[in-house]
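Novice: For what it's worth, the working numbering labels the leading residue of the sequence shown as 10, then goes sequentially.
Here you go, one structure.
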Amino acid sequence: MAIVFSETAAPERELHLVGMGEIVVTDSPNAELSCIGLGSCVAVCAYDVREKIGGMAHIVLPQYNGLPGSNRAKFADTAVPMLIDEMLKKGGVKSRLIIKIAGGAQMTIAPGLRDTFKTGERNLEQIMSVLRRENITPAAADTGGSVGRTVRMYVKTGRVTVKTAYGMPQEL
Numbered sequence: 010m011a012i013v014f015s016e017t018a019a020p021e022r023e024l025h026l027v028g029m030g031e032i033v034v035t036d037s038p039n040a041e042l043s044c045i046g047l048g049s050c051v052a053v054c055a056y057d058v059r060e061k062i063g064g065m066a067h068i069v070l071p072q073y074n075g076l077p078g079s080n081r082a083k084f085a086d087t088a089v090p091m092l093i094d095e096m097l098k099k100g101g102v103k104s105r106l107i108i109k110i111a112g113g114a115q116m117t118i119a120p121g122l123r124d125t126f127k128t129g130e131r132n133l134e135q136i137m138s139v140l141r142r143e144n145i146t147p148a149a150a151d152t153g154g155s156v157g158r159t160v161r162m163y164v165k166t167g168r169v170t171v172k173t174a175y176g177m178p179q180e181l
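If you want it as structure tokens, here you go:
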């Protein structure tokens, strides 16, 4: 039996589900960007407060593998610069970007495997390295741990919420 979850958007709301390895950037004030069920993946949210442009990248792995045809938006070292570039193309200004990140949990809980992959930790390290290179300090973060998260950004206000499994949404 499959369980299907759906959310009916109010007519004035545009819900954009940002899938694995996707980047969404919009200046629509009615847009809500969301990454659902992040484990070791990381949502990087960018917002230009003056132009009211919002963007979100759903990062899966830390480093681009160099294989032809690979989706560069999937990797932290290439997706973060791509997100920033798309924000600038839409009219954003790098010095005004507010960056918030969430995710990067350690989801492997099998005995003997707890520290094997550390994908979430490596994703976060790579994201922070790229942000340092870009001279951007994140305004907020909810990262690590061992629980999944859902992240939502409201483009009208730039507000970002994070909901952990079985928790209530909290503003980031």
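Virtual Cβ for every residue (Gly too), placed ideally from N, Cα, C.
Here the structure is a predicted model, which is why all the values come from computation and not from measurement.
Quick check on DSSP: helix, strand or coil for Glu134?
Specialist: Walking along the sequence shown from the start, residue 134 turns up at place 125. In the structure shown, Glu134 sits in a helix (DSSP, three-state: H, G or I).
Novice: Is the separation between the beta-carbon of Arg158 and that of Thr173 shorter than 7 Å?
Specialist: Here residue 158 refers to the residue found at position 149 when the sequence shown is read from its first residue. Here residue 173 refers to the residue found at position 164 when the sequence shown is read from its first residue. Against a cut-off of 7 Å, the Cβ pair of Thr173 and Arg158 comes out as a contact.
Novice: Taking the beta carbon of Glu21 as the centre, do at least 16 other beta carbons fall within 10 Å, making it buried, or is it exposed?
Specialist: The count along the sequence shown starts at 1 and reaches residue 21 at position 12. Exposed is the call here.
Novice: Measure the alpha-carbon distance for Leu3 versus Gly176 and round it to whole angstroms.
Specialist: Residue 3 cannot be examined here, being either before or after the span of the chain that is shown, 10 to 181.
Novice: Among Asn80, Ser79, Gly113, whose alpha-carbon lies nearest the alpha-carbon of Cys44?
Specialist: Walking along the sequence shown from the start, residue 44 turns up at place 35. If we check each option's Cα against that of Cys44, Gly113 comes out closest.
Novice: Are the CB atoms of Cys50 and Val169 within a distance shorter than 7 Å?
Specialist: For the purposes of this step, residue 169 is taken as the residue at position 160 of the sequence shown. For the purposes of this step, residue 50 is taken as the residue at position 41 of the sequence shown. Not a contact, by the Cβ cut-off of 7 Å.
Novice: For a test of the three-state rule: what should DSSP assign to Lys98, helix, strand or coil?
Specialist: Along the sequence shown, read from residue 1 onward, the residue named residue 98 stands at position 89. Three-state DSSP puts Lys98 in a helix.
Novice: Reducing DSSP to helix, strand and coil, say where Lys127 ends up.
Specialist: Your numbering for residue 127 matches position 118 in the sequence shown. Coil at Lys127, not helix or strand.
Novice: May I have a chain-ordered list of the beta strand (DSSP E) segments no shorter than 3 residues that lie completely inside the segment 46-111?
Specialist: DSSP runs (the beta strand (DSSP E)) wholly in the segment 46-111: 51-57, 62-68.
Novice: My output table needs one value for Val27: the three-state DSSP class, helix, strand or coil.
Specialist: Mapped onto the sequence shown, residue 27 falls at position 18. Coil at Val27, not helix or strand.
Novice: Using three-state DSSP, classify Val139 as helix, strand or coil.
Specialist: The residue you call residue 139 lines up with position 130 of the sequence shown. Val139: helix per DSSP, three-state reduction.
Novice: Express the C-alpha separation of Leu92 and Pro147 in angstroms, rounding to a whole number.
Specialist: In the sequence shown, the residue the question calls residue 147 occupies position 138. In the sequence shown, the residue the question calls residue 92 occupies position 83. Using only the alpha carbons, I get a separation of about 14 Å.
Novice: Using 8 Å as the cut-off, can you tell me whether the segment 54-67 makes contact with the segment 124-133, which would need three or more C-beta pairs spanning the two stretches below that distance?
Specialist: No, they do not touch.
Novice: Please tell me whether Glu95 and Val164 are closer than 7 Å, where the distance is taken between their beta carbons.
Specialist: Counting from 1 along the sequence shown, the entry for residue 95 is found at position 86. Counting from 1 along the sequence shown, the entry for residue 164 is found at position 155. For Glu95 and Val164, no; Cβs fall outside 7 Å.
Novice: Val69: buried (16+ other C-beta within 10 angstroms of its C-beta) or exposed?
Specialist: Residue numbering aside, residue 69 sits at position 60 when the sequence shown is read from its first letter. Val69 comes out buried.
Novice: Are there 16 or more other CB atoms within 10 angstroms of the CB of Gly64, so buried, or fewer, so exposed?
Specialist: Locating residue 64 in the sequence shown gives position 55, where the first residue counts as 1. It is buried - the Cβ of Gly64 has at least 16 other Cβ atoms within 10 Å.
Novice: Helix, strand or coil: how does DSSP classify Ser37 here?
Specialist: Indexing the sequence shown from 1 puts residue 37 at position 28. Looking at Ser37 - three-state DSSP - the assignment turns out to be coil, as it is neither helix nor strand.
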